[in-house]
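Chemist: Anchor point for the sequence shown: position 77 equals 77 in full-length UniProt numbering, and the numbering is continuous, going up by one each time. Just so you know, even glycine gets a beta-carbon here, dropped at the ideal spot from N, CA and C. Predicted model, so just to flag it, every value in this text is computed and none were measured. Have a look at this one before I ask anything.
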Amino acid sequence: MIFVASDHGGFNLKQELVKWLKSSKNPAKDLGPKLLKQDDDYPNFAFEVCKQVLKGKNNTGILICRNGVGMSVAANKVKGIKAGLCSYVGQAITARAHDNCNVLVLPADFIDEERAIKVLKTFLSASFSAEERHVSRLKIIEDYERNRK
Numbered sequence: 001m002i003f004v005a006s007d008h009g010g011f012n013l014k015q016e017l018v019k020w021l022k023s024s025k026n027p028a029k030d031l032g033p034k035l036l037k038q039d040d041d042y043p044n045f046a047f048e049v050c051k052q053v054l055k056g057k058n059n060t061g062i063l064i065c066r067n068g069v070g071m072s073v074a075a076n077k078v079k080g081i082k083a084g085l086c087s088y089v090g091q092a093i094t095a096r097a098h099d100n101c102n103v104l105v106l107p108a109d110f111i112d113e114e115r116a117i118k119v120l121k122t123f124l125s126a127s128f129s130a131e132e133r134h135v136s137r138l139k140i141i142e143d144y145e146r147n148r149k
């Protein structure tokens, strides 16, 4: 399942991406916001998407805000989440292949709908390479995450 959310800054792009996902027969769930509210708080949406992503091995999250940084910061605070901010197809490929990201973050102010769809399509079709160097690096991160106080 693909879980999608945004804040007010990413609302319009989120609406279009959810439409695209559903028309492409991708199993997607819009976790909000349902209405555009200028005073919403992006961490709440990020945490809800991350919670849902962690419930299933094949789940993926898509988060959208104005510059993508706030959603990235919030999502990466959740243990087990690897969120990658991507504006380009190449970033989406390596976010999955090298970093095994399970959440894609898109910057609505810096990406148009057409490119966002290309990045999203690429992210969804890419997979982790499982090359030893990437496995080793992710293990270092997971060990740190597990042992930090």
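Answer with buried or exposed for V4, where buried requires no fewer than 16 other C-beta atoms within 10 angstroms of its C-beta.
Modeler: Under this definition V4 is a buried residue.
Chemist: Under the DSSP definition of a beta bridge, which residues are partnered with K29?
Modeler: DSSP lists F3 as partners of K29.
Chemist: Which value, in whole angstroms, describes the spacing of the CA atoms of C101 and E48?
Modeler: Those two C-alpha atoms are separated by around 17 Å.
Chemist: Mind checking who G61 pairs with in its DSSP beta bridge?
Modeler: DSSP output for G61 lists F3, V103 as bridge partner(s).
Chemist: Nearest to G68 by alpha carbon, out of K82, L104, E113?
Modeler: The candidate whose alpha carbon is nearest that of G68 is L104.
Chemist: Note down, in chain order, each residue of its chain lying with its Cβ closer than 8 Å to the Cβ of C65, except the 5 sequence neighbours on either side.
Modeler: So the list reads S6, D7, G9, G10, Y42, M71, V105, P107, A108, once near-sequence residues are dropped.
Chemist: Work out the CA separation of A92 and G84 for me, nearest whole Å.
Modeler: Taking the straight line from one Cα to the other gives about 8 Å.
Chemist: Grab me the residues of A95's own chain with a C-beta within less than 6 Å of its C-beta, minus the 5 sequence neighbours each way, in chain order.
Modeler: Answer for A95: G84, C86, C101, listed in chain order.
Chemist: With a threshold of 6 Å on Cβ separation, who are the neighbours of H98 within its own chain once the five nearest residues in sequence on each side are excluded?
Modeler: Closer than 6 Å at Cβ, skipping near neighbours: H134.
Chemist: Excluding the 5 residues preceding and the 5 following N59 in the sequence, name in chain order all residues of the same chain whose CB lies nearer than 6 Å to its CB.
Modeler: Closer than 6 Å at the Cβ level, and outside the excluded window around N59, lie M1, V53.
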